[in-house]
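Quick note: the sequence shown uses this note's numbering, first residue 2, plus one each step.
Taking it in order: structure first as structure tokens, then the write-up.
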Amino acid sequence: MVRPKLQIALDHNDLETALADIVKVGDVVDIIEVGTILCLQEGHRAISCIRSLFPEKIIIADTKCADAGGTVAKNVAVAGADFMTVICCATLPTMAAAKEEIKELQVELYGDWTFEQAQQWLDLGITQAIYHQSRDALLSGETWGEKDLTKVKKLIDMGFNVSVTGGLTVETLKLFEGLAVYNFITGRGISAAPDPVKAAEAFKAEIIRIWGE
Ligand code: 5RP
């Protein structure tokens, strides 16, 4: 089984604190996400600045785009993003327009969505999905469990590269053992740790322990 990648989500309120973290952990992680919060605060400037610091890394703009897909995708691609996210309730034309303008489009799964819709995304040629426990759901007491694993497995079996995110800790990763997860996305698990480099290394080491090199 291919080793899942490790992605940091930079959900900082300003570019300066995001840069302070990414210069420390950028070489440990596989993918850098300019998170939704940072996109809303600093958008183009954040993506282009991080692109210039990390010319070889995959950079994701987590726009959770719901409309104007083509324009948003073109803008983040010009700034330096490789991938961009759209929210699962966006229309198929929004997704199709975004897909035209960016290397890869990821559908972010929140709230109500169906496997019939997921098949339509695949039919459009979108092969990346992000299985998400929202911050707000976790705060209201939701936890990772069997119901999530079943859906993640089904999406993988359908042919998606599935990223998993939402309040992940090093301890959470073993829940996914045996599943061909494409990518684990963590924000606070690294940025809010007392030592972000040690935290990123611990995530990476646990992924390697479970899935191998
Ligand atoms: C919030 C997000 C976050 O970037 C993602 O869930 C990772 O954050 P954390 O690990 O802090 O929960 O997409 O909308």
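Cβ coordinates follow ideal geometry from the N, Cα and C atoms, glycine included.
Closest by C-alpha distance to residue 103, out of 175, 80, 211, 109, is 80. Residue environment analysis places residue 174 among the buried positions, since at least 16 neighbouring C-beta atoms fall within 10 angstroms of its C-beta.
About 5 Å separates the CB atoms of residue 85 and residue 74; that is less than 8 Å, so the two are in contact.
Taking residue 106 as reference, the option from 12, 61, 10 with the minimal CA-CA separation is 61. In the DSSP assignment, residue 66 falls within the unbroken beta strand (DSSP E) covering 59-66. Counting C-beta pairs closer than 8 Å gives three or more between the stretch 176-188 and the stretch 5-16, which meets the contact rule.
Distances taken from the Cβ of residue 10 to the heavy atoms of the ligand 5RP include one shorter than 8 Å.
Nearest to residue 151 by alpha-carbon distance, out of 44, 178, 121, is 178.
Rounded to whole angstroms, the separation of the alpha carbons of residue 31 and residue 197 is 15 Å. Residues of the same chain with a CB within less than 7 Å of the CB of residue 171, apart from the 5 flanking positions on each side, are 203, 204, 207 in chain order.
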